[in-house]
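**Student:** Pasting a structure below so you can have a look.
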Amino acid sequence: MSAELTVRVSRKQWRNRMKNKKRNKNKFTSPLETVARSSGSRDRNNESAMVSGQSGESLQVTGCIKNQVRQRKFSEPSNSDLGGKELGDEVATIDCPAPRGLPIVTAQDKRRLQKLKKIVQGSGRDGDVHSGPHHTKEEDKVDQNENVLPEDRSASLRSRMEKRLSSARFRYINEELYTSDSSKARSLFENDPEAFVIYHSGFSQQVQHWPVNPIMEVIKYVKNRPLSLVVADFGCGDALLARSVRNKVHSFDLVALNDCVTVCDIAQVPLSDETVDVAVFCLSLMGTNLSEFLQEANRVLKMEGVLLVAEVSSRFDDVRQFLSAMAQLGFKNVTKNTDSSYFFLFEFIKIGLPRECVKHPGLSLKPCLYKKR
């Protein structure tokens with residue numbers, strides 16, 4: 001080795017190296033500390049080898065053995081007072097450092113893990129035993145829900161179909177009432193009593209979407225008049241006017257929904273001449289023979305009696321023609337309210353008898369037909 005050194009470096013250079021080596025060495029550190037420090041530096045190298053390598057455990061073992069060999073070589077020449085045998089024993093007692101991130105599993109930890117496994121297995125068996133009946137109950141509930149769901153779907157489908165059929169039937173009945181005379185409408189309801197109930201329920205649903213129900217305006221008008229006035233309600237429906245005021249009210253319609261209604265054709269009501277103070281047509285000028293309805297109202301009204309007409313605004317092409325036709329029937333217009341886009345409200349006074357064979361274009365109101373939705 002000296003030959004190699006003489007070839008590579010000079011004697012002076014070799015002496016300087018040895019001096020520097022002795023100066024940098026700490027004489028007061030114990031051999032164990034030096035071994036621990038050197039092992040710490042070697043551990044870092046081993047950890048980097050573990051991260052970069054694929055087989056982690058084999059690299060750790062080989063790294064530990066190499067560290068021990070190097071520590072022996074490094075510590076023996078520096079500590080001549082200690083025997084090599086004793087130092088070897090001390091180095092042998094030093095354990096290999098555990099890699100960072102991987103906990104050391106001791107015998108106590110293994111025992112604890114075994115106990116935990118036994119506890120978990122026992123609780124799992126107990127849970128299976130206890131959860132048996134609960135599981136079956138849940139399955140029963142699921143089966144019941146599965147049985148209930150089809151029934152609910154069928155019921156909802158049936159109700160929807162019934163609503164569609166009833167709405168379609170309502171549109172048909174409404175069209176028949178507007179496009180035929182009162183005698184045909186009466187025969188329709190006599191042959192099918194349920195038809196009027198369907199029509200009235202559909203009409204009530206339509207009223208709920210209106211901003212104002214015109215019958216309420218009529219009720220306000222009658223309430224502001226004396227109680228001695230006699231009222232005739234032509235096409236009363238459910239007789240809401242008679243049930244809302246204290247006046248004597250004659251309610252007429254094709255079918256009686258309650259005891260207040262008198263069943264008849266409103267073209268021929270069972271009243272004597274000039275016995276009524278107020279006659280009302282609230283959305284009831286529906287037949288093609290509506291001129292006969294107005295003539296019948298003229299017959300039963302007293303002279304200077306009041307006629308109230310409330311109709312859908314879309315039925316009127318020209319309001320002036322309607323007023324002129326009413327004048328030929330013996331009625332004078334006192335007030336009119338045509339501001340609303342839904343309904344027109346007219347107040348007339350009887351001033352005379354109607355002319356014979358009145359056929360005025362103002363009396364041909366357009367039918368109020370509902371569109372399919």
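Under UniProt numbering, the first residue of the sequence shown carries the number 1, and numbering increases by one thereafter. Glycine included, each C-beta is placed from N, C-alpha and C at the ideal position. Only a predicted model underlies this, so the values are computations on that prediction, with no experimental measurement involved.
From leucine 323 to methionine 161, what does the alpha carbon distance come to, in whole angstroms?
**Tutor:** 44 Å
**Student:** What did DSSP end up calling phenylalanine 252 once you bin it into helix, strand or coil?
**Tutor:** strand
**Student:** Going residue by residue through the segment 289-330, where are the continuous beta strand (DSSP E) segments of at least 3 residues, counting only ones entirely within it?
**Tutor:** The beta strand (DSSP E) runs lying completely inside the segment 289-330 and spanning 3 residues or more are 301-312, given in chain order.
**Student:** Using three-state DSSP, classify asparagine 224 as helix, strand or coil.
**Tutor:** In the displayed model, asparagine 224 falls within coil according to three-state DSSP, outside both helix and strand.
**Student:** Determine the DSSP secondary structure at histidine 349, reduced to helix, strand or coil.
**Tutor:** Checking the sequence, you will find isoleucine at residue 349 rather than histidine. Three-state result, isoleucine 349: strand.
**Student:** What does the alpha-carbon distance come out to for the pair serine 10 and arginine 17?
**Tutor:** 11 Å
**Student:** Using the beta-carbon count (16 or more within 10 Å), is lysine 350 buried or exposed?
**Tutor:** buried
**Student:** If contacts are defined as beta-carbon pairs under 8 Å, then leucine 271 and alanine 310 qualify, I think. What distance do you get, rounded to the angstrom?
**Tutor:** Their Cβ separation, rounded to whole angstroms, is 21 Å, which puts leucine 271 and alanine 310 out of contact at 8 Å.
**Student:** Ordered along the chain, which non-local residues of its own chain (more than five positions away) have a Cβ less than 6 Å from that of lysine 336?
**Tutor:** Phe346
**Student:** DSSP three-state call for valine 91: helix, strand or coil?
**Tutor:** Bear in mind that a pLDDT of 40 at valine 91, under 50, signals an unreliable position, so the model cannot answer this.
**Student:** Report yes if the C-beta distance between phenylalanine 189 and valine 255 is below 9 Å; otherwise report no.
**Tutor:** yes
**Student:** Would residue 410 and arginine 169 qualify as a contact pair, given that the criterion is a beta-carbon distance under 9 Å?
**Tutor:** Residue 410 lies beyond the range of the chain shown here (1 to 373); nothing can be said about it.
**Student:** To the nearest angstrom, how far is it from the Cα of lysine 366 to the Cα of aspartate 318?
**Tutor:** 11 Å
**Student:** Between Thr338, Val312, Gly362, Asn258, which lies nearest to leucine 329 when the distance is taken from Cα to Cα?
**Tutor:** Gly362
**Student:** Among Asp109, Tyr221, Cys368, which residue has its Cα nearest to the Cα of serine 313?
**Tutor:** Cys368
**Student:** In the structure shown, what three-state DSSP assignment does asparagine 213 receive?
**Tutor:** coil
**Student:** If you scan the segment 164-191 from start to end, which runs of the alpha helix (DSSP H) of 4 or more residues do you find wholly inside it?
**Tutor:** 182-191
**Student:** Mapping the DSSP letters down to three states, classify lysine 336 as helix, strand or coil.
**Tutor:** strand
**Student:** Considering only the beta carbon of each residue, do valine 222 and histidine 250 sit closer than 9 Å?
**Tutor:** no
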